[in-house]
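What follows is one structure encoded as structure tokens, with my remarks underneath.
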Amino acid sequence: MELIIRPGRLDRPVDPKTDHVLGPAGAEISLVEYGSYACPHCRAANDRIAGARDQLGDRVCYAFRHTPLTENSLSRRAAELAELARTPEAFWSAHIKLMTRSMQLTEDDLVAVAADLGVNADFALGDSAALRRARAKVEADVASSRASGVRFTPAFYINRRRYDGPWDESSLIDAMLGTLGHRVRTAALDFASWGPSAGILLVVATVGAIVLTNSPVGPVFEALWRQEFGVSLDRASFRMSILQWINDGLLTVFFLVVGLEVKREMTVGHLGNRRSAALPIVAALGGMVGPALLYALVIPAGPWSHGWGVPMATDTAFAVALIAMMGVRVPVELRIFLTATAIVDDIGAIVVVGLFYSGEIQPDYLAAAAVVVIALALMNRSRVYQLSPYILLGITLWAFIYASGLNATLAGVLLALFIPTRPPADLVALMTQANTIITSEARHAGEVLRHGPSTPALHALDAIFERLESPADRLLRHAGARSSYAVLPIFALANAGVTINPAVFVGHGWLLAAITAGLAIGKPLGVFLAAAAAVRVGIAVKPAEYTWRQLAGAGALAGIGFTMSLFIAAQGFPNATDFSAAKIAVLAASVLSAAIGTAVLWGASRQEPFEEAPQSAGMRNEIFDDASYRCDSSSSGDRPTAPLHGSSAVN
């Protein structure tokens with residue numbers, strides 16, 4: 000079986016027999032650098048590495064692996080020349096000279112090092128056994144960089160884990176010593192980069208809510224959410240229970256993230272053109288209509304009829320978590336289909352909540368909300384790119400929508416529509432500007448009373464950083480993680496608790512059956528039949544990378560309702576007993592859908608394998624966050640594709 004190395008991890012440990020090392024091979028800390036003699040950033044980092052090694056001494060073993068730059072003709076020749084050294088001492092002497100002899104690598108540097116090594120300056124034209132060994136060594140290092148997920152140079156790996164922090168001396172030492180702050184940050188990043196992490200948090204929060212609700216502290220746990228707090232000014236006051244603050248306030252952040260994701264995918268994502276968008280759009284519409292119709296057919300006429308929106312929604316966090324756990328058994332294209340379908344599902348859920356699950360409308364407050372929306376539109380049109388004015392108006396919009404009787408979480412979606420995007424930044428110009436500022440500040444580093452960059456320089460660097468991404472992308476990057484790892488788990492903890500009491504089932508059989516059938520049967524049937532019909536009539540085309548059986552498995556996973564289903568149930572069933580029965584049905588249907596979808600996809604993956612190399616699939620599903628100031632390396636290959644829909648970690 001081929002060993003699959005997760006990008007971001009070193010493909011093989013340091014070995015003095017094949018690597019050039021400084022320090023004891025058994026040292027407690029290993030530092031591996033993938034670099035190039037032609038990379039100016041590698042040359043700049045050389046002194047920092049030396050300083051760190053001097054401080055740590057024999058505690059660290061440093062290894063250098065070649066990653067020549069493709070756009071520099073001298074880069075590979077320099078690497079091969081260094082490999083012609085006959086002894087470790089000769090290699091490191093050549094290494095230091097190639098890194099430091101001049102400001103940038105030149106032909107004269109190669110001539111000088113060749114003379115030191117006793118090699119002809121035209122060595123690259125030869126075909127000796129030594130040159131073949133040197134070229135093989137460089138190729139082996141390049142292959143190692145590919146397997147380790149290197150995209151830029153320099154790339155550092157500390158104890159076999161890629162280090163993406165600053166490479167000044169103190170930061171490198173903190174990382175190598177494993178300070179508490181660095182360990183916490185590393186653990187958090189590792190967890191967040193794990194595909195099922197958001198789904199796992201939701202499971203933990205859900206189980207915790209059920210256990211606490213049915214434990215001796217259950218009454219206290221439920222009373223906690225009923226506690227009220229708010230603000231008071233003279234005789235005016237605004238107070239809500241903690242549960243209301245979560246469902247109407249905190250969940251607005253989730254809707255904001257959904258809105259930003261929808262906006263991104265409909266402009267630059269997989270919903271940006273008709274051909275790629277047709278299949279998931281039609282499938283999502285079928286996945287909403289099917290459960291609602293089945294619910295309406297099963298449920299008897301009465302107050303429960305209003306709950307038809309409960310089985311319509313899909314919880315993408317759980318669905319994608321299961322897909323991630325199955326790894327390369329699931330084609331990347333199927334993940335794209337499921338997450339794109341979830342985007343349209345999100346839009347449908349937002350529309351349903353706004354139109355059918357709001358209170359009595361107050362025209363005055365609704366008009367005030369409309370004025371705020373106009374103000375947001377004017378700011379967007381005027382190209383105001385600071386986030387703070389949008390956030391302040393968004394809070395105002397939330398208050399007016401809440402007072403108007405509409406569901407307050409709609410403010411998050413409306414705000415997302417007007418937070419501006421920008422044309423891509425000119426990275427070359429920004430990098431040149433940043434280098435100029437930093438170089439100028441570095442000239443004053445040794446001055447008395449000078450403890451860092453000047454205030455004007457910091458302001459200029461802040462402006463450059465702000466320009467690297469649009470306000471919408473920046474807010475999505477920050478709010479998306481908070482939605483995944485804070486907002487949704489808190490929502491689950493507050494809403495998923497249900498008392499396991501046989502009395503809940505009495506008189507609620509039809510409600511339980513309608514919701515369960517809608518999610519576990521109506522959802523997959525709606526997704527599958529709508530997709531098949533769209534392909535049949537020529538509206539859409541199914542990618543060849545996955546089979547119809549695998550699409551059916553994804554449709555079954557779409558029956559995992561949870562977050563939005565619980566949210567709509569809370570709006571549709573004001574009676575506490577009805578709401579408890581609905582929660583039980585949603586949880587049961589979600590578990591059933593997860594089991595069916597996993598079984599279908601697992602069986603399909605064994606019998607109908609898709610044509611994709613395991614390693615490339617695994618690498619394509621990784622998210623890289625490399626700094627743009629590093630040099631492109633020849634080992635980059637295809638840049639891994641981030642999961643299409645941010646809600647794979649947030650919905």
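Position 497 (the sequence shown) corresponds to 496 in numbering that gives the first Met the number 0; numbering is contiguous.
The beta carbon of each residue, even a glycine, is placed where N, CA and C say it ideally should be.
Quick caveat: nothing in here was measured; it's all calculated off a predicted structure.
When the beta-carbon positions are compared, Ser-74 and Asn-158 stay at least 8 Å from each other.
A direct Cα-to-Cα measurement between Asn-119 and Glu-82 gives close to 14 Å. Measuring C-alpha to C-alpha distances from Phe-253 to each of Leu-475, Asn-500, Gly-22 identifies Leu-475 as the nearest.
About 6 Å separates the beta carbon of Pro-279 from that of Phe-336, a gap short enough to meet the 8 Å contact definition.
A straight-line Cα-Cα distance of about 25 Å links Thr-431 and Leu-171. Close CB contacts of Ala-154 within its chain, under the 6 Å cut and outside five residues either way in sequence, are with Tyr-33 (chain order). Counting only the Cα atoms, Val-331 lies some 50 Å from Ala-111. DSSP places His-477 in the uninterrupted alpha helix (DSSP H) bounded by 470–481.
Looking at the DSSP output, Ser-29 bridges to Cys-60. Taking the Cα positions, Ala-594 is about 12 Å away from Gly-554. Residue burial annotation: Thr-438 is exposed, with fewer than 16 other C-beta atoms found within 10 angstroms of its C-beta.
For Ala-154, the enclosing beta strand (DSSP E) has its first and last residue at 154–157. As DSSP reads the structure, Phe-237 sits in a beta bridge with Val-230. Bounds of the beta strand (DSSP E) holding Val-20 are 19–21. Between Ala-581 and the set Ser-92, Ala-51, Trp-547, Thr-562, the nearest pair of CA atoms involves Thr-562. In this structure, Leu-292 sits near Gly-521, with a CB-CB distance shorter than 8 Å.
Per the coordinates, the alpha-carbon of Pro-501 lies some 15 Å from the alpha-carbon of Ala-587. Our two residues, Ala-113 and Ser-275, have alpha carbons roughly 55 Å apart in a direct line.
In this structure, Ser-403 sits near Tyr-364, with a CB-CB distance shorter than 8 Å. In the displayed model, Arg-161 falls within a strand according to three-state DSSP. When secondary structure is reduced to three states using DSSP, His-94 falls in the helix class.
Taking C-alpha positions only, Val-343 is separated from Ala-415 by approximately 16 Å.
Less than 8 Å separates the beta-carbon of Leu-600 from that of Arg-328. Arg-8 is bridged by DSSP to Arg-160. Annotation for Leu-333: the continuous alpha helix (DSSP H) segment containing it runs 331–355. Contact between Leu-556 and Gly-596 holds, with the beta-carbon distance rounding to 4 Å and staying under 8 Å. Per the Cβ contact rule, the stretch 527–542 is not in contact with the stretch 455–468 (fewer than 3 Cβ pairs under 8 Å). When the beta-carbon positions are compared, Leu-405 and Gly-353 come within less than 8 Å of each other. Per the C-alpha coordinates, the member of Gln-385, Gly-560, Thr-17 positioned closest to Ala-62 is Thr-17. Per DSSP, the unbroken alpha helix (DSSP H) holding Asn-45 starts and ends at 39–55. The beta carbon of Ala-433 sits closer than 7 Å to those of Leu-460, Ile-463, all from its chain and outside the five residues before and after it, given in chain order. With fewer than 16 neighbouring CB atoms inside 10 Å of its own CB, Asn-574 falls in the exposed class.
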